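Numbering-wise (this note's numbering), the sequence shown opens with residue 5 and increments by one. All C-beta atoms, glycine included, are put in the ideal place defined by N, C-alpha and C. Computed from a predicted model, the values in this text were never measured in an experiment. Encoded as structure tokens, the structure appears first; notes follow it.
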Amino acid sequence: MTPSDLDQRAAQVADAQAIDAFARDGAVCLRGLLNPDEVALLRRGIDANIAAPSPRAKVASRPDDPGFFIEDFCCWPENPAYRRFIFDSPLAAAAACLMQSRSVRLYHDHMLTKEPGTRQPTPWHQDQPYYNIEGRQNVSFWIAVDPVRRHSTLEFVAGSHRGPWLMPRSFMDSQAKWFPEGSLQDLPDIEAARERFPIIGWAIEPGDVVAFHMLALHASGGVDGDTRRRVFSVRMLGDDITHAPRPWVTSPPFPGLAERLPAGSPMHDEALFPLLYQTPR
């Protein structure tokens, strides 16, 4: 498929209405962005990743959970299916539309699989405070290769991507391992008063892609005993993103990056973040 074909497919789905929804709510569902071959390719990549996790993988469910939740990060250099999917699908062109950015760079990939019966929820959080970047032009894609019911999907507080930054905490024990305790406002207890928040989310079929801003508050529940939820997330960066070294280990970590890339540098100065898309001048 040629780049122009990918552009056309992306523009048909990431249209003006989707761009407006992303700007307004910080999240949008791009129905049918991926074709069956792309979904099958990604499914093969996820299954290979689960069969041979990287040293960065972690179990994100508790020992007494009847299911199993595994995550892995930054696997695209070793996983050919991931690599082909990221570089040869319409994702990057869709990212350019949503971010309103001339350039699109890969930040990192993130696999998240919940096996049937997994109770462990993913608690409410923003992604960007865990990262080592500054700027507004960013997008994460959450891509399920299995059908996802509404109560097991990714949910968002619409408009929360406008800020403020909220305290990132570890999911299992709620520790402030990134910003010092008290330096950022804590998250509100959204689950205790869901009716007070404009919560949005979508049931998903393979081929659908959820796109969201890295500051959008989001969470997801467990999965039922008869369903598996294999998800691949791709984070992409736009024109205004710069490096923001942290004095702690970010999630995911990028060892040695702070020594190579000074604070405030554009991400195009580092080969870890390859160019995926560039609009014509």
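Which of helix, strand or coil DSSP assigns to ASP244: Coil, per DSSP.
C-beta atoms of ILE203 and GLU159 nearer than 8 Å: It is a contact, given that the beta carbons lie within the stated cut-off.
Identity of the residue in TRP146, LEU188, ASP177 and LEU191 nearest ALA207 by Cα: Measuring from the Cα of ALA207, the nearest candidate turns out to be TRP146.
Taking the straight line between their C-alpha atoms, what separation do you get for SER164 and LEU221? Approximately 6 Å between the Cα atoms of the pair.
Coil, strand or helix - SER237 by DSSP: Three-state DSSP puts SER237 in a strand.
Which of helix, strand or coil does DSSP assign to ASP51? DSSP places ASP51 in helix when its eight states are reduced to three.
For LEU188 and PRO40, what's the separation of their Cα atoms in angstroms? Their backbone Cα atoms lie some 43 Å apart in a straight line.
Which first and last residues belong to the alpha helix (DSSP H) in which ILE23 is found? Start and end: 20-29.
Start and end residues, alpha helix (DSSP H) containing ARG87: It spans 84-92 - the alpha helix (DSSP H) in which ARG87 sits, taken as one unbroken run.
Which term fits GLN132, buried or exposed, when burial requires 16 or more other beta carbons within 10 angstroms of its beta carbon? It is buried - the Cβ of GLN132 has at least 16 other Cβ atoms within 10 Å.
Just to confirm, are ARG35 and PRO94 a CB contact at a threshold of 8 Å? Not in contact: ARG35 and PRO94 (Cβ atoms no closer than 8 Å).
Segment limits, beta strand (DSSP E) that includes ALA100: Run containing ALA100: none in the beta strand (DSSP E); it sits in the alpha helix (DSSP H), 95-103.
Between HIS112 and the rest of its own chain, which residues show a CB-CB distance below 7 Å, the 5 nearest in sequence each way excluded? Cβ within range, chain order: PHE77, CYS78, ARG239 and PRO256.
Considering only C-alpha positions, which residue in the set MET115, GLY167, GLN124 and ALA100 is nearest to ALA20? Of the listed residues, the one whose Cα sits closest to ALA20 is ALA100.
Quick check: what's the CA-CA separation for GLU75 versus LEU170? Approximately 23 Å between the Cα atoms of the pair.
Could you work out which residue in LEU37, ASN83 and LEU261 is closest to PHE277 when comparing CA atoms only? The option with the nearest alpha carbon to PHE277 is LEU261.
On a Cα-Cα basis, can you pick out the residue from ALA55, GLU119 and ALA56 that is closest to GLY71? Comparing Cα-Cα distances from GLY71 to each of ALA55, GLU119 and ALA56, the minimum goes to GLU119.
For ALA215 and VAL43, which I take to be in contact (beta-carbon distance under 8 Å), what is that distance rounded to the nearest angstrom? Rounded, the Cβ-Cβ distance is 16 Å, inconsistent with contact.
Length of the line joining the Cα atoms of ASP193 and GLU199: One Cα belongs to ASP193, the other to GLU199, and the distance between them is close to 12 Å.
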